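Under this note's numbering, the residue at position 624 of the sequence shown is numbered 636, and the numbers go up by one with no gaps.
Report on the structure given below.
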Amino acid sequence: MATAIKKPLTTAQFKKKVLQHLNFTSSQDDLAQNPTAVLKAVCLTVNEVVYEKLTETNKYHKEHKSRSINYLSLEYLMGRMLSNNLHNLDLFDVAQKAVASLGFEIEDIFEEGHDLALGNGGLGRLAACFLDSLATMDFNAVGYGIHYEHGLFKQQFHQGRQIETPDEWREYGNPWEVCRPEAVQYIPLFGHVESIANNDGSVKKVWHSGQTIKGVPWDVPIVGYNSKTVNVLRLWESRASSHFDWDQFNSGAYQDAHSAQNHAETISKVLYPNDETDAGKELRFIQQYFFCACSIKDIIKRYQEQFGDDWSQFSKQVVIQLNDTHPTIAILELMRTLIDEYDFAWNDAFAMCREIFAYTNHTLLPEALEKWSVALFDRVLPRHLEILFSINEFFLNEEVAKLWPNDHQMRGRLSIIEEGPEKMVRMAHLCVVTSFKVNGVAQIHSDLVKSDLFPEFNQLYPNKLTNVTNGVTPRRWLKACNPELSKLLDSKVKTDWAKNLSSLSTVAKFADDEKFQQEFMSIKHNNKVKLAEEILASTGVVVSPDAIFDVQIKRLHEYKRQHLSFLHILALYRRLLADPDYDMHPRVYIFGAKAAPGYYLAKEIIYAINKVADKINNDDRINGKLKVVFMPNYRVTLAEKIIPAADVSEQISTAGKEASGTGNMKLALNGAVTIGTLDGANVEIAEEVGDDNIFIFGNTVDDIKALAANGYNPYDYYNNDEEIKACLDWLHTDYFTPGKPGELSAIAHSLLDGGDPYRLLADFADYAKANTALDQAYKDKTRWARMAIINTAKMGKFTSDRSIQDYVDNIWKLTPMNSKN
Ligand SMILES: *Cc1c(COP(=O)(O)O)cnc(C)c1O
13 MATAIKKPLT TAQFKKKVLQ HLNFTSSQDD LAQNPTAVLK AVCLTVNEVV
63 YEKLTETNKY HKEHKSRSIN YLSLEYLMGR MLSNNLHNLD LFDVAQKAVA
113 SLGFEIEDIF EEGHDLALGN GGLGRLAACF LDSLATMDFN AVGYGIHYEH
163 GLFKQQFHQG RQIETPDEWR EYGNPWEVCR PEAVQYIPLF GHVESIANND
213 GSVKKVWHSG QTIKGVPWDV PIVGYNSKTV NVLRLWESRA SSHFDWDQFN
263 SGAYQDAHSA QNHAETISKV LYPNDETDAG KELRFIQQYF FCACSIKDII
313 KRYQEQFGDD WSQFSKQVVI QLNDTHPTIA ILELMRTLID EYDFAWNDAF
363 AMCREIFAYT NHTLLPEALE KWSVALFDRV LPRHLEILFS INEFFLNEEV
413 AKLWPNDHQM RGRLSIIEEG PEKMVRMAHL CVVTSFKVNG VAQIHSDLVK
463 SDLFPEFNQL YPNKLTNVTN GVTPRRWLKA CNPELSKLLD SKVKTDWAKN
513 LSSLSTVAKF ADDEKFQQEF MSIKHNNKVK LAEEILASTG VVVSPDAIFD
563 VQIKRLHEYK RQHLSFLHIL ALYRRLLADP DYDMHPRVYI FGAKAAPGYY
613 LAKEIIYAIN KVADKINNDD RINGKLKVVF MPNYRVTLAE KIIPAADVSE
663 QISTAGKEAS GTGNMKLALN GAVTIGTLDG ANVEIAEEVG DDNIFIFGNT
713 VDDIKALAAN GYNPYDYYNN DEEIKACLDW LHTDYFTPGK PGELSAIAHS
763 LLDGGDPYRL LADFADYAKA NTALDQAYKD KTRWARMAII NTAKMGKFTS
813 DRSIQDYVDN IWKLTPMNSK N
């Protein structure tokens with residue numbers, strides 16, 4: 013649709029509605045003192061527009077019987093909603109003026125909002141960006157997930173150590189969700205399976221469950237940008253199926269009456285804060301089944317409202333995308349439903365599933381590949397386990413045995429069941445066997461999925477494995493978070509770049525234009541001034557906006573190698589102590605990262621960075637040339653403040669370990685220059701911006717493999733590089749932890765006796781060299797401005813709209829609303 017959507021409200025209308033809502037929601041006379049009440053009233057005003065569009069969207073898709081994409085994800089990292097919804101509805105200016113006339117700055121109102129942090133990191137944020145693009149591109153899409161009572165924990169530092177406290181995102185309600193009691197579902201668990209012989213000799217299976225959980229849906233509207241669509245994110249909350257036993261309560265057994273309720277409500281209580289590792293807990297398994305079962309029932313309900321009991325159109329109407337293996341049980345639940353509840357023949361049910369499910373792989377890390385014990389399956393989902401065995405039998409006998417007859421090793425390797433002291437279910441194998449497409453999330457990652465992770469599956473199913481490179485929504489990650497830069501881009505790009513990001517490439521022709529360079533870099537400077545204020549407020553550290561703002565923001569993980577940057581900071585500090593005139597442009601290192609609460613070394617790395625920061629930031633000898641800040645509680649809202657102010661984007665994972673990364677895209681889009689390895693989407697970013705506009709260093713995937721083949725020994729680097737040796741030895745002293753020598757030793761141990769599993773020492777020298785080159789480049793203002801501009805101009809490929817179009821063309825086969833065909 014070329015024409016812009018009409019503004020839904022004028023400023024006067026908007027203000028009038030806000031005042032009406034204020035009368036309902038706030039009993040205070042002095043409204044001017046209550047920004048929280050204003051936020052709520054503004055949200056309710058926006059919702060009036062949103063829900064009208066939602067109704068229209070639903071009506072359209074019902075009438076047109078549109079095929080739907082159903083995105084199943086255990087995580088959605090949405091962030092705040094108001095600013096984005098205002099931008100997407102073209103109501104930002106209207107709301108700003110209306111709120112100003114009530115005596116408020118719109119930014120202060122935004123600050124009252126709470127992040128929806130129902131996810132850990134990249135995987136959950138990807139789901140959020142995809143929902144934004146699906147609505148913007150007018151596709152019929154539903155996101156399904158869990159309505160966690162507590163999202164990702166809040167992070168504070170106490171004497172440098174991470175402290176976790178619960179996230180209370182809906183303590184006093186959340187304006188962006190609405191309960192849908194009419195769509196409640198009931199989910200069985202536990203129990204046993206009975207076999208009943210039919211008259212024709214066949215056997216009917218009946219699952220007698222031991223417990224039933226109620227699934228209550230909460231809908232969060234997803235507003236498209238300059239589009240007709242409002243879709244929903246449907247999040248399931250678990251409740252006891254009968255609220256509690258009233259008789260028991262009245263007879264005085266309060267505890268018992270409450271315990272069943274407590275147990276049921278535990279299921280959606282908390283998000284597992286593990287990122288990239290398998291949580292491996294029974295409760296998490298039940299979480300997965302609970303939300304999959306609710307979602308499958310809901311998908312069938314929506315279908316039956318249109319098609320009744322005619323199943324012939326089901327696979328034409330429905331496609332289901334599994335965001336990683338977390339929702340894999342949805343496959344077994346659909347099989348079970350078709351066979352046990354709708355009397356499908358096994359072959360027909362399986363054929364149907366193979367037309368409906370597609371799976372996205374997000375990691376090659378062995379510790380992150382999900383496995384559940386057969387015993388756990390048997391206890392919680394006995395009927396699903398039977399179906400799983402039947403799929404495995406079919407797969408091994410009809411498919412594996414055809415290609416590799418009598419090859420027992422191959423059977424063992426590919427089987428969905430892993431033999432051993434404890435039999436385990438390999439969830440990824442079930443996904444690959446049943447899905448019609450399996451995609452990786454960046455080209456290099458998808459290539460490795462084919463060559464290293466699933467080479468046999470690739471032989472067996474030649475066209476199944478494919479790539480869809482990740483993307484980010486330019487609405488949140490440029491338009492809303494960087495208004496000044498957005499305005500500058502508006503002035504140079506004639507089309508709506510936020511909906512057609514490739515059009516930004518036209519600003520490349522201004523990369524050498526002196527005036528444009530000045531405008532671009534002065535916006536960067538303004539953003540840095542703002543961030544410096546935020547840094548002062550949250551850490552007490554004074555930083556200069558004239559320094560290089562060097563940013564590493566992402567989950568704390570060894571493979572992401574925050575400790576490589578840390579080691580390099582130690583080296584720079586040492587050089588400065590040895591020679592106060594050491595030639596470097598002042599640099600501020602800005603970290604943001606949460607560590608999984610049980611991840612020991614990740615927490616030690618946070619502690620070490622904080623301790624070293626304390627020392628460096630207060631050392632007058634180095635003339636403020638080096639500063640280090642670790643901003644607490646990294647989350648979407650903090651990312652939105654840091655990214656517009658970044659000069660340098662650190663993307664320094666061990667080659668082959670970061671599937672894609674999306675932080676890399678957000679930062680480059682906002683004019684940060686990447687220093688990074690040839691890993692994940694960095695490879696494609698380098699292709700887009702060109703070698704002159706990125707600092708690539710370090711071992712490649714092939715180099716890393718060769719290191720292992722030749723017998724990697726970290727001591728070779730320690731003994732042969734005086735700087736590495738000095739920095740690692742430093743960690744054993746009490747230089748950074750007075751009176752407590754050895755407090756930072758864990759990192760050194762892991763890099764030496766621990767074998768340096770992520771090959772930091774092998775990359776250190778080249779990383780240091782790339783940093784020197786970067787420092788030289790920054791000192792040349794014209795050159796740096798050119799690099800920054802090219803980065804913004806060449807990020808068109810990395811809009812999540814392009815990712816969604818790839819999914820639509822190659823996997824989902826959808827047509828948007830109002831399309832001619
Ligand atoms: C984008 C984003 C991520 C992912 O960052 P990577 O650098 O790709 O790991 C994680 N957390 C938040 C809050 C984000 O916005």
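In this text, a Cβ means the ideal position worked out from N, Cα and C, and glycines have one as well.
Predicted model, so just to flag it, every value in this text is computed and none were measured.
On a Cα-Cα basis, can you pick out the residue from the options that is closest to residue i?
i: K281; options: V154, P598, I158; result: I158
i: S239; options: G203, E68, N731; result: E68
i: S815; options: R391, A785, D144; result: D144
i: K216; options: D310, I368, A357; result: A357
i: E700; options: S757, M807, G766; result: M807
i: R487; options: Q529, E496, D746, W509; result: W509
i: I341; options: A440, P20, H597; result: A440
i: I576; options: I617, L588, R182; result: The identity of residue 576 in the sequence shown is Leu, whereas the question assumes Ile. For the residues I617, L588, R182, the minimum Cα distance to L576 belongs to I617.
i: A363; options: Y315, F319, M422, F448; result: F448
i: Y747; options: R586, E546, P187; result: R586
i: Y184; options: K536, T811, P200, H162; result: H162
i: T57; options: K74, S78, L31; result: L31
i: D765; options: T784, Y729, F561; result: Y729
i: Y301; options: W796, K226, Y819; result: K226
i: P187; options: E60, N132, V505; result: E60
i: L393; options: P417, R798, L89, F297; result: F297
i: F528; options: E249, N451, Y156, T794; result: T794
i: I399; options: V444, R348, R182; result: R348
i: Q329; options: H338, Y594, Q316; result: Q316
Please work out which residues of its chain come closer than 6 Å, Cβ to Cβ, to residue i, disregarding the five sequence neighbours upstream and downstream, and give them in chain order.
i: N286; result: A608
i: D231; result: V190, R192, V244, R246
i: I234; result: L143, A147, N243, L245
i: K832; result: In this prediction, K832 has a pLDDT of 48, which is less than 50 and means its spatial position is unreliable; nothing more can be read from the coordinates.
i: F709; result: D778, Y779, A782
i: E345; result: C304, A305, I308
i: P200; result: S221, T224
i: T23; result: V106, K109, A110
i: L679; result: I655, A658, S661
i: M677; result: V484, F810
Grab me the residues of residue i's own chain with a C-beta within less than 7 Å of its C-beta, minus the 5 sequence neighbours each way, in chain order.
i: L579; result: C739, L772, F776
i: W742; result: L582
i: P750; result: none
i: D179; result: A129, H162, G163, L164, F165, K166
i: I759; result: H575, E616, I617, A620, L743
Does the Cβ-Cβ distance between residue i and residue j come in under 7 Å?
i: T241; j: D150; result: yes
i: A153; j: I823; result: no
i: L681; j: L543; result: no
i: L130; j: Y83; result: no
i: G134; j: T649; result: no
i: A195; j: P229; result: yes
i: N373; j: T674; result: no
i: V519; j: K504; result: yes
i: E176; j: G136; result: no
i: T478; j: R366; result: no
What is the C-beta distance between residue i and residue j, in whole angstroms, given that I count them as a contact (C-beta under 8 Å)?
i: V563; j: E662; result: 7 Å
i: F407; j: I428; result: 7 Å
i: N1; j: P656; result: Nothing can be reported for residue 1: it is not among the residues displayed for the chain, which extend from 13 to 833.
i: A614; j: L568; result: 4 Å
i: T712; j: L690; result: 5 Å
i: P644; j: S514; result: With a Cβ gap of about 37 Å, P644 and S514 do not count as contacting.
i: K19; j: D102; result: 5 Å
i: G683; j: N538; result: That belief does not hold up - the Cβ atoms of G683 and N538 are roughly 12 Å apart, past 8 Å.
Should residue i be flagged as near chain B, meaning a C-beta pair shorter than 7 Å?
i: N96; result: This model lacks chain B altogether; it includes just one protein chain.
Residues in its own chain within less than 8 Å of residue i by CB, not counting five upstream and five downstream?
i: E531; result: L500
i: Q817; result: M149
List, from N- to C-terminal side, the alpha helix (DSSP H) runs of 4 residues or more that fit wholly inside the segment 676 to 749.
694 to 701, 713 to 721, 726 to 732, 734 to 742
Can you give, in chain order, each stretch of the alpha helix (DSSP H) that sits fully within the segment 355 to 403 and has at least 4 residues?
Fully contained in the segment 355 to 403 are the following alpha helix (DSSP H) runs of length 4 or more, in chain order: 358 to 368, 386 to 392.
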